[in-house]
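Residue numbering for the sequence shown follows the working numbering, starting at 106 and increasing by one per position.
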Amino acid sequence: FRNNDVHKTYWAITQERPKEMEGTLTHWLVRNEKQNKSYAYDHEIPHSKKAILRYRVIGQGDRYQLLEVNLLTGRHHQIRCQLSAFRMPIKGDLKYGAKRSNPDGSISLLSYHVEFIHPVSKECISVESPLPDDPLWKKLTNSLL
């Protein structure tokens, strides 16, 4: 993980549509341990850590978008915090600005794909997560799978 030898792809459902179909977000995050929450700033401040992610819209519905997200850094609640700062909170994520919770209390963020080189065999290991059993996930990913 430290050497960036593990590549993870996340999928997130947001209600707000980004202005651009793909882009890079850069913020400086400050973690509040007591609240178990991170806060994003557009510039470096004391005790902040730089956070960078790339996103791409890969599915669209009437009211929701499916984003593919790749982290260039790994920070506490990075995806949740940065998408919220970009005015695109993840569906169901009340902590970071979603309008309402999901019925089961989850947030619509999925670690969809993980790929790494096995440390001993040097074989490329690739794992995909199953989709949540939810009609919205199925609708937004219908053309992808």
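Glycine is no exception: its CB is placed at the ideal position from the N, C-alpha and C atoms.
Nearest-angstrom Cβ-Cβ length linking residue i and residue j, presumed shorter than 8 Å
| i | j | result |
| --- | --- | --- |
| residue 198 | residue 180 | Residue 198 to residue 180, Cβ: 16 Å. No contact. |
| residue 248 | residue 164 | 7 Å |
| residue 169 | residue 118 | 5 Å |
| residue 111 | residue 219 | 7 Å |
Other residues of its chain near residue i: CB distance less than 7 Å, five sequence neighbours each side excluded
| i | result |
| --- | --- |
| residue 175 | 114, 158, 159 |
Under the three-state DSSP convention, the category residue i falls into
| i | result |
| --- | --- |
| residue 185 | helix |
| residue 172 | strand |
| residue 200 | helix |
Residue burial classification, residue i (beta-carbon count within 10 angstroms, cutoff 16)
| i | result |
| --- | --- |
| residue 243 | exposed |
| residue 196 | buried |
| residue 189 | buried |
| residue 140 | exposed |
Residue i - partner residues in DSSP beta bridges
| i | result |
| --- | --- |
| residue 242 | The partner list for residue 242 (beta bridge, DSSP) is empty, contrary to what the question assumes. |
Cβ-based neighbour list, residue i, same chain, cut-off 6 Å, excluding 5 preceding and 5 following
| i | result |
| --- | --- |
| residue 126 | 162 |
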